[in-house]
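Reviewing the structure listed below.
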Amino acid sequence: MDDQPRLMHAHAAVGMSGHPGLSQHIPDNTGATDGDGRKQDIGDILQQIMTITDQSLDEAQARKHALNCHRMKPALFNVLCDVKEKTVLSIRGAQEEESPDAQLMRLDNMLLAEGVSGPEKGGGSAAAAAAAAASAGVGADNSTEHSDYRAKLTQIRQIYHTELEKYEQACNEFTTHVMNLLREQSRTRPISPKEIERMVNIIHRKFSSIQMQLKQSTCEAVMILRSRFLDARRKRRNFNKQATEILNEYFYSHLSNPYPSEEAKEELAKKCSITMSQVSNWFGNKRIRYKKNIGKFQEEANIYAARTAVSAASVSAHGSQTNSPSTPNSAAMRTYDHRLQ
DNA sequence: GAGCATGATTCGGA
DNA sequence: TCCGAATCATGCTC
Numbered sequence: 001m002d003d004q005p006r007l008m009h010a011h012a013a014v015g016m017s018g019h020p021g022l023s024q025h026i027p028d029n030t031g032a033t034d035g036d037g038r039k040q041d042i043g044d045i046l047q048q049i050m051t052i053t054d055q056s057l058d059e060a061q062a063r064k065h066a067l068n069c070h071r072m073k074p075a076l077f078n079v080l081c082d083v084k085e086k087t088v089l090s091i092r093g094a095q096e097e098e099s100p101d102a103q104l105m106r107l108d109n110m111l112l113a114e115g116v117s118g119p120e121k122g123g124g125s126a127a128a129a130a131a132a133a134a135s136a137g138v139g140a141d142n143s144t145e146h147s148d149y150r151a152k153l154t155q156i157r158q159i160y161h162t163e164l165e166k167y168e169q170a171c172n173e174f175t176t177h178v179m180n181l182l183r184e185q186s187r188t189r190p191i192s193p194k195e196i197e198r199m200v201n202i203i204h205r206k207f208s209s210i211q212m213q214l215k216q217s218t219c220e221a222v223m224i225l226r227s228r229f230l231d232a233r234r235k236r237r238n239f240n241k242q243a244t245e246i247l248n249e250y251f252y253s254h255l256s257n258p259y260p261s262e263e264a265k266e267e268l269a270k271k272c273s274i275t276m277s278q279v280s281n282w283f284g285n286k287r288i289r290y291k292k293n294i295g296k297f298q299e300e301a302n303i304y305a306a307r308t309a310v311s312a313a314s315v316s317a318h319g320s321q322t323n324s325p326s327t328p329n330s331a332a333m334r335t336y337d338h339r340l341q
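Shown next, in the form of structure tokens:
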């Protein structure tokens, strides 16, 4: 396993033609000139390498062993590594260009903002903002929907982290496997540590692109969840009968000026178990619809006027109040009617 | 399913 | 920022 660095480091002291040092380290056992001996050795090795794939497994193994033991093998492999390195670099130089991965950064930032990646913070700031925005309109059910949103976001978060972990584990396993394979192969073919490193980088890049896809789908899932959640604000639910009666009572008893103050809105909201915005919406709608069709609302106004009068009378009968300030009467209605004209 | 009722949203004006 | 007006979207009734 670890013989490759040793094998490659020997390169500094070994060489061939154009690679100083080879002739000084290779004894000439053939009795021929140095040049002839080297050529014969190298030719022999190359021949063996070229024909190794035509042989049976056993023969190939034996040949592999013989090659590994060949006296010229380190020198030849170093030269081949050198040549390969230069060729690959010249090709890669034209192909590779490091560009900052803006898309990945955007995805990372979004996942962080949504609370999917990074430390758990109860659904993420954007989620919290969405929840806060929604709570203004959803009313009594907002807490349920909010928790539902958070539960789903947590689910997405869990899936994301599980998948990410899986990818990282697979990446590490695959990298180790490829490294071992290349080291093993470096016994029979020229593979330098640099090349192994490059291969590792390639693997990491491939796994990064898979991770990016995961991040992208996670972002999409969060966006869908958010849009669904925000759409829920539009989901209209009728107020319960009691709430409508309370609002109508106030409206008709303040017909001369049906604009509740902040305090009144707050109290009405509390009484009706709705939000202040809903109270404002209700009064806005009521005013405009009343104005548009006074005739239609006349009957309703009379009913609430009578009801308020009865309750006022009952209060005055108890001596605590002689006259209700909010008692509706036709004069008040006329006032508002006049105002609205 | 049509038509009406009603809560929510949007937009322009004061 | 609040309000009126228009509009949307959904609920309810028949």
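Using full-length UniProt numbering, the first residue of the first sequence is number 1, and each one after it goes up by one. All C-beta atoms, glycine included, are put in the ideal place defined by N, C-alpha and C.
Just to confirm the assignment, what range does the alpha helix (DSSP H) spanning Ile191 have? Against the first sequence, residue 191 aligns to sequence position 191. Per DSSP, Ile191 belongs to no alpha helix (DSSP H) and is neither H nor E.
Distance check for Gln298 and Lys292, CA to CA, integer angstroms please. Taking the first sequence and counting its residues from 1, one reaches residue 292 at position 292. Taking the first sequence and counting its residues from 1, one reaches residue 298 at position 298. Approximately 12 Å between the Cα atoms of the pair.
Spatially closest choice to Lys194 from His65, Asn78, Glu59, Lys73, by CA coordinates: Along the first sequence, read from residue 1 onward, the residue named residue 194 stands at position 194. Taking the Cα of Lys194 as reference, the smallest distance to any Cα among His65, Asn78, Glu59, Lys73 is reached at Asn78.
Pick out whichever of Ser277, Ile156, Ile294, Ile210 has its Cα sitting closest to the Cα of Leu255. Residue mapping note: residue 255 aligns to position 255 of the first sequence, counting from 1. The shortest C-alpha separation from Leu255 is found at Ile294.
Would you check if the distance between the CB atom of Tyr167 and the CB atom of Ile210 is smaller than 7 Å? In the first sequence, residue 167 corresponds to position 167, counting from 1. In the first sequence, residue 210 corresponds to position 210, counting from 1. For Tyr167 and Ile210, yes; Cβs fall inside 7 Å.
Give a yes or no on whether the C-beta atoms belonging to Pro258 and Arg287 are separated by under 7 Å. To locate residue 258, count along the first sequence from 1; it is residue 258. To locate residue 287, count along the first sequence from 1; it is residue 287. Less than 7 Å divides the Cβ of Pro258 from the Cβ of Arg287.
Is Leu107 near Cys219, with beta carbons less than 7 Å apart? Here the question's residue 107 lines up with position 107 in the first sequence. Here the question's residue 219 lines up with position 219 in the first sequence. Leu107 places its beta carbon less than 7 Å from that of Cys219.
Straight-line Cα distance separating Ala151 from Glu197: As a first step, residue 197 must be located in the first sequence, where it is residue number 197. As a first step, residue 151 must be located in the first sequence, where it is residue number 151. Each residue's Cα considered, the two are about 43 Å apart.
Can you tell me whether Pro260 is helix, strand or coil according to DSSP? The count along the first sequence starts at 1 and reaches residue 260 at position 260. Secondary structure of Pro260 (DSSP, three-state): coil.
Local conformation of Glu249 per DSSP, three classes: Taking the first sequence and counting its residues from 1, the one referred to as residue 249 is at position 249. DSSP, read as helix, strand or coil, puts Glu249 in helix.
I'd like to know if the region 164-184 and the region 51-58 are in contact, where contact means that at least 3 CB-CB pairs between them fall below 8 Å. Three or more Cβ pairs closer than 8 Å define a contact, and the region 164-184 falls short of that threshold against the region 51-58.
Is the distance from the Cβ of Ile52 to the Cβ of Leu76 below 7 Å? As a working note, residue 52 is residue 52 in the first sequence. As a working note, residue 76 is residue 76 in the first sequence. Cβ atoms of Ile52 and Leu76: not closer than 7 Å.
Quick check on the burial criterion: 16 or more other C-beta atoms within 10 angstroms. Buried or exposed for Cys69? Here the question's residue 69 lines up with position 69 in the first sequence. Note on Cys69: under 16 other CB atoms within 10 angstroms of its CB, so exposed under the neighbour-count rule.
Would you call the region 239-248 in contact with the region 267-286, where contact means no fewer than 3 C-beta pairs closer than 8 Å? Touching, yes.
Distance between Gln155 and Lys241 (C-alpha atoms, nearest Å): Here residue 241 is taken as the residue at index 241 of the first sequence, counted from 1. Here residue 155 is taken as the residue at index 155 of the first sequence, counted from 1. Cα-Cα distance, rounded: 37 Å.
Would you check if the distance between the CB atom of Leu214 and the CB atom of Glu163 is smaller than 7 Å? Walking along the first sequence from the start, residue 214 turns up at place 214. Walking along the first sequence from the start, residue 163 turns up at place 163. Going by C-beta atoms, Leu214 is nearer than 7 Å to Glu163.
Could you tell me the distance, in whole angstroms, from the CA atom of Ile49 to the CA atom of Asn180? Here residue 49 is taken as the residue at index 49 of the first sequence, counted from 1. Here residue 180 is taken as the residue at index 180 of the first sequence, counted from 1. Inter-residue distance for Ile49 and Asn180 is about 21 Å (C-alpha atoms, whole angstroms).
So the alpha helix (DSSP H) Gly284 belongs to, where does it begin and stop? Position 284 of the first sequence holds residue 284. Unbroken alpha helix (DSSP H) run through Gly284: 276-292.
Please report the distance separating the alpha-carbon of Arg71 from that of His204. In the first sequence, the residue the question calls residue 71 occupies position 71. In the first sequence, the residue the question calls residue 204 occupies position 204. For Arg71 and His204, the distance between alpha carbons rounds to 37 Å.
Identify the continuous alpha helix (DSSP H) that holds Met110 and give its terminal residues. Taking the first sequence and counting its residues from 1, the one referred to as residue 110 is at position 110. Here the alpha helix (DSSP H) through Met110 covers 102-113.
Residues near Ala132 in its chain [Cβ-Cβ closer than 7 Å; skip 5 each side]: Taking the first sequence and counting its residues from 1, the one referred to as residue 132 is at position 132. With a pLDDT of 44 at Ala132, under the threshold of 50, the predicted position of this residue should be treated as unreliable, though the coordinate-derived value follows. Its chain contains no residue whose beta carbon lies nearer than 7 Å to that of Ala132 once the 5 sequence neighbours on both sides are disregarded.
Close Cβ partners of Leu104 (< 6 Å) along its chain, the five nearest in sequence each way excluded: Locating residue 104 in the first sequence gives position 104, where the first residue counts as 1. The beta carbon of Leu104 is closer than 6 Å to those of Met212 in its chain, skipping five residues each way along the sequence.
Cβ neighbour criterion (16 or more within 10 Å) applied to Arg157: For the purposes of this step, residue 157 is identified with residue 157 of the first sequence, where counting begins at 1. Buried, by the Cβ-count rule.
Is Leu214 helix, strand or coil when you go by DSSP? The residue you call residue 214 lines up with position 214 of the first sequence. Here Leu214 sits in helix by DSSP.
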